[in-house]
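Order-wise, the sequence lines are chains U and E.
Take the first sequence: its position 96, counting from 1, is numbered 107 in our numbering, and each next residue is one higher.
Take the second sequence: its position 207, counting from 1, is numbered 218 in our numbering, and each next residue is one higher.
Number of protein chains: 2
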Amino acid sequence: MATITDVSKRAGVSRSTVSRLIAGNGYVSDEARKAVEAAIQELGYRPNTMARGLRSNRSDIIGGVVVNVSSPFYAQMIGGMQETARSAGKSIIVASGYADREEEARAIIELLDRACDGLILYLENALRDDVLEIVARSKTPVVTVGGNECPPARARVTIDNASGAAAGMRLLLDKGHRQIAYLSGGTIYRDTHERLSGIDAALAGFGLSRNDIHVEHGSFSETFGHEATARLLIERPDITAIFAGDDDVAAGALLALKAAGKLVPEDVSLLGFDDNFHARHLTPGLTTVRQPVDEAGRVATRLLLAILDGEPVAPVITIPTELILRHSIGPVRGLSPTSRHVAPALTAS
Amino acid sequence: MATITDVSKRAGVSRSTVSRLIAGNGYVSDEARKAVEAAIQELGYRPNTMARGLRSNRSDIIGGVVVNVSSPFYAQMIGGMQETARSAGKSIIVASGYADREEEARAIIELLDRACDGLILYLENALRDDVLEIVARSKTPVVTVGGNECPPARARVTIDNASGAAAGMRLLLDKGHRQIAYLSGGTIYRDTHERLSGIDAALAGFGLSRNDIHVEHGSFSETFGHEATARLLIERPDITAIFAGDDDVAAGALLALKAAGKLVPEDVSLLGFDDNFHARHLTPGLTTVRQPVDEAGRVATRLLLAILDGEPVAPVITIPTELILRHSIGPVRGLSPTSRHVAPALTAS
DNA sequence: CTGAAAGCGCTAACAG
DNA sequence: CTGTTAGCGCTTTCAG
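In structure tokens:
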């Protein structure tokens, strides 16, 4: 592998000149530039990342922590991050935190040890104190996405859970539903609280409160959706609409509804959250609140790049959600029989 | 940040001793070990990856190229890679090749420049000649997964497409189907040919040949599945089973079938390939050939780690596919009315 | 505008 | 078993 010394010799200049040309800082005469460029070409020279990093303390690598790399949801976010990073000549290393405090700590330290220029964190737990300290001491800029507060973060990208949940609940109420179940995720998640506050707001608009609906806390999983729905079908047969904490919960709910011979949306309306990969493949297509997680990845990366460039950035950026109308929500049974089959698809499924 | 020199001073030994202890090679007396470990603890010392890499020419980073990081299919593979790499103290950088020759070349060079210790490639095109040369010169070990031949690869992980496709076709034939359409992906993919050869084998077992079924080449996309099926419904109303090139194609086919008022599997049976994320969420649950892509990621990484450790490895490892029986395949209409509802679910959906 | 010089933090012979 | 020595390839003052 050719080194900068080889190039400088061949071009008849000093190593510094070559270095300056590559880095694009400092002045280089046209003559020198030509010679160096030719030498680089001929030798097929590519700078050694390690040496450069050791010296300059930059790696051009951005570290990302998400809950789970293999999940389609985070894969999309990673895609957004990568796309943006690449256009700035940076690469991404991602690690999974598995929504576990210790794993998240491990992941962050792994990335810090890789000398990442900056970190993008989607965490589900508060940072361990010693990690907080390590992150702070390393002076590595941090941007967080969704999830919880993270003290060292210089910027935070949040997805507008409250408005999304409000829009969803409003749709249900508009369709005449009043006996509504909300199958929530766990209360440890910020998302959960944000969505509940959105739901409260929507209910208030109809002169209702959270006490007027049935709220159940479980987990963001298909299993929970299935179990809770099966139970509700017996305990609360009057329920006409289920708002699922996310699309996995919705998938489980749908299964339970079908198993009980219920038609969606004729008998029970179903609303999801996320617009996850499978939402459009369910039958009926799931009406859901889309979280533009790929966009969140892009925005977070853009923010981090700006910070690295020393530009000032907004401390919080909120990304709007979008109600995706498919076919799982209808008017409440008997309310307006003539408009039974309305729910037009705003977005092609 | 504490350096190795700080540690050595504090422990009252030389830097070499510290280095040896960290690397775990060479002998260190118990006394020295204790002192060094204490110093490391007190100083919160963590070795500088760049310096280490520059000197030792290892980065403990493995590079991966897949078609698209954001797709659930590759996300699973990445998950498998990461899991395995982490247990060996290595990290993974992935880049997307977008099934495009130039993008793949760019991705590989990016990874090589990051001084990856080894490369795991899932490519859809032949390597560009200059990249081939660069990879060879860098002496970076390469393991490929699926896809096409790649000369510098020291090991290849392939998924047994032929057997999978054969098993699928056999199932269709067993159920009495004879008017079968195979909606294939493009002929540029190795996968396509492998699956066709498996299909040929299955047909041969029934005294049939490829001429006895309807084969159509399109792309691995929902759109193709939809269009082709809609067309078939008119041109070949006698068809009783559709074998889709992958689950996306199957999803499109299912949509077209439903739109035409056909019941699956009563009127037409449908078989997918991949066992992609949405397969189990379709209605009916899609019977499909599972490609254990997460396992492929794990195996490829294990191979690469072995190569890096100087161990001999098998040049080709084939991972078996698995037929996942759900509910989209039934006996051919009218063939055995009594067994209309058989298709037992081997794997819970 | 350019070159010389001085390391970044670590590892790997090698000689004790 | 341990310390000394000599860089890995690059960037960055600092003088010219």
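Yeah, the Cβ is synthetic: ideal placement off N, Cα and C, and Gly gets one too.
(request) Kindly list the residues whose CB is nearer than 6 Å to the CB of U/L314, restricted to its own chain and excluding five residues on each side of it in sequence; keep chain order. (result) V154, A166, V324, listed in sequence order.
(message) Three Cβ pairs or more, each shorter than 8 Å: is that satisfied between the region 89–109 of chain U and the region 119–136 of chain U?
(response) The region 89–109 of chain U is in contact with the region 119–136 of chain U.
(message) Just to confirm my understanding: we take U/R247, look at its own chain, exclude 5 residues before and 5 after, and list those with CB closer than 8 Å. What are they?
(response) Q190, A192, H225
(message) Quick check on E/P348: buried or exposed, where buried means 16 or more other Cβ atoms within 10 Å of its Cβ?
(response) The predicted position of E/P348 is uncertain, since its pLDDT is 44 and thus under 50; a value taken from the coordinates is nonetheless stated next. Looking at its Cβ environment, which holds fewer than 16 other Cβ atoms inside 10 Å, E/P348 is exposed.
(message) What would DSSP say about U/S230, mapped onto helix, strand or coil?
(response) coil
(message) So that I know if they touch, is there some Cβ in chain U lying closer than 9 Å to that of E/F217?
(response) no
(message) I want to verify the contact list: residues of chain E whose CB lies under 8 Å from the CB of U/F235, in sequence order.
(response) Simply none; closest approach about 16 Å.
(request) Could you name the residues of chain U that E/Q225 contacts, counting a contact when the two beta carbons are closer than 9 Å? (result) First, the amino acid is wrong: residue 225 of chain E is His here, not Gln. Per Cβ cutoff of 9 Å: no residues; E/H225 is ~25 Å from chain U at best.
(message) Which same chain residues end up closer than 6 Å to E/R69 when comparing Cβ atoms and leaving out the 5 residues on each side of it in sequence?
(response) If we look at E/R69 and ignore the five residues flanking it on each side, its Cβ neighbours are D128.
(request) Look at E/L6 and E/I145 and say whether their C-beta atoms are less than 9 Å apart. (result) In the structure as shown, chain E begins at 12 and stops at 360. Residue 6 of chain E is therefore absent and cannot be evaluated.
(request) Figure out for me which residue from E/A212, E/A43, E/L316 has the closest Cα to the Cα of E/E94. (result) E/L316
(request) Would you kindly work out how many angstroms separate the C-alpha atoms of E/I15 and E/T312, rounded to a whole number? (result) 31 Å
(message) I want to know whether the region 257–271 of chain U touches the region 223–239 of chain U - three or more CB-CB distances under 8 Å.
(response) yes
(request) Kindly confirm or deny that the region 304–311 of chain U and the region 323–340 of chain U touch, where touching means at least three C-beta pairs closer than 8 Å. (result) Note that the region 304–311 of chain U touches the region 323–340 of chain U; at least 3 beta-carbon pairs, one per stretch, sit closer than 8 Å.
(message) Taking beta-carbon pairs under 7 Å, can you tell me which members of the region 117–138 of chain E lie near chain U?
(response) Close to chain U, meaning a Cβ-Cβ distance shorter than 7 Å, are the following residues of the region 117–138 of chain E: E121, D124, R125, A126.
(request) Might you give, ordered along the chain, the residues of its own chain that have their beta carbon closer than 6 Å to the beta carbon of U/L266, omitting 5 neighbours on each side? (result) H237
(request) For E/V260, return the contacting residues in chain U, with the cut-off set at a CB-CB distance below 7 Å. (result) Going along chain U, no residue has its Cβ under 7 Å from E/V260, so there is no contact; the nearest lies around 13 Å.
(request) Report buried or exposed for U/G218, applying the criterion of at least 16 other Cβ atoms within 10 angstroms of its Cβ. (result) Under this definition U/G218 is an exposed residue.
(request) Spell out whether any CB of chain E is found under 9 Å from the CB atom of U/T16. (result) Answer no: the Cβ-Cβ gap between U/T16 and chain E never drops below 9 Å.
(message) Can you tell me which residues form a DSSP beta bridge with E/T329?
(response) E/T169
(message) Does chain U have any CB closer than 9 Å to the CB of E/L274?
(response) no
(message) For E/G37 and E/R31, I'd like the C-alpha separation in whole angstroms.
(response) 6 Å
(message) Considering just the uninterrupted stretch of the alpha helix (DSSP H) at U/Y373, what are its terminal residues?
(response) Residue coverage of chain U in this structure runs from 12 to 360, which leaves residue 373 of chain U outside it and unanswerable.
(request) Locate the alpha helix (DSSP H) running through U/G209, then write down its first and last residues. (result) First-last of the alpha helix (DSSP H) with U/G209: 201–216.
(request) Compare the C-beta of U/Y85 with all C-beta atoms of chain E and state if any pair is closer than 9 Å. (result) yes
(message) Any beta carbon of chain U sitting closer than 9 Å to that of E/V76?
(response) no
(message) Closer than 9 Å between beta carbons: that is the criterion. Which residues of the region 53–64 of chain E meet it against chain U?
(response) G55, R57, P58, N59, T60, M61, A62, R63, G64
(message) When you compare the CB of U/A22 with every CB in chain E, is at least one pair closer than 9 Å?
(response) no
(message) If you follow the alpha helix (DSSP H) that E/S19 is in, where does it begin and where does it stop?
(response) Membership of E/S19 in the alpha helix (DSSP H) is indicated by the continuous run 15–22.
(request) Would you mind working out which of E/L143, E/R181, E/L244, E/H289 sits nearest E/G209, comparing C-alpha positions? (result) With distances taken between Cα atoms, E/G209 lies closest to E/R181.
(message) I want to know whether the region 107–117 of chain U touches the region 130–140 of chain U - three or more CB-CB distances under 8 Å.
(response) yes
(request) With a 10 Å radius around its C-beta and 16 neighbouring C-beta atoms as the bar for buried, classify U/P162 as buried or exposed. (result) By the Cβ neighbour-count rule, U/P162 is exposed, with fewer than 16 other Cβ atoms within 10 Å of its own.
(message) Given this structure, state the Cα-to-Cα distance separating E/D286 from U/F254, to the nearest angstrom.
(response) 28 Å
(request) Pull up the distance between the alpha-carbon of E/G64 and that of E/I72, whole angstroms please. (result) 10 Å
(message) When you compare the CB of U/N8 with every CB in chain E, is at least one pair closer than 9 Å?
(response) This structure gives no information on residue 8 of chain U, because the portion of chain U shown stretches from 12 to 360.
(message) I'd like the list of long-range same chain contacts for U/A96, defined as Cβ closer than 7 Å, with 5 residues on each side in sequence excluded.
(response) I73, S102, I103, T312
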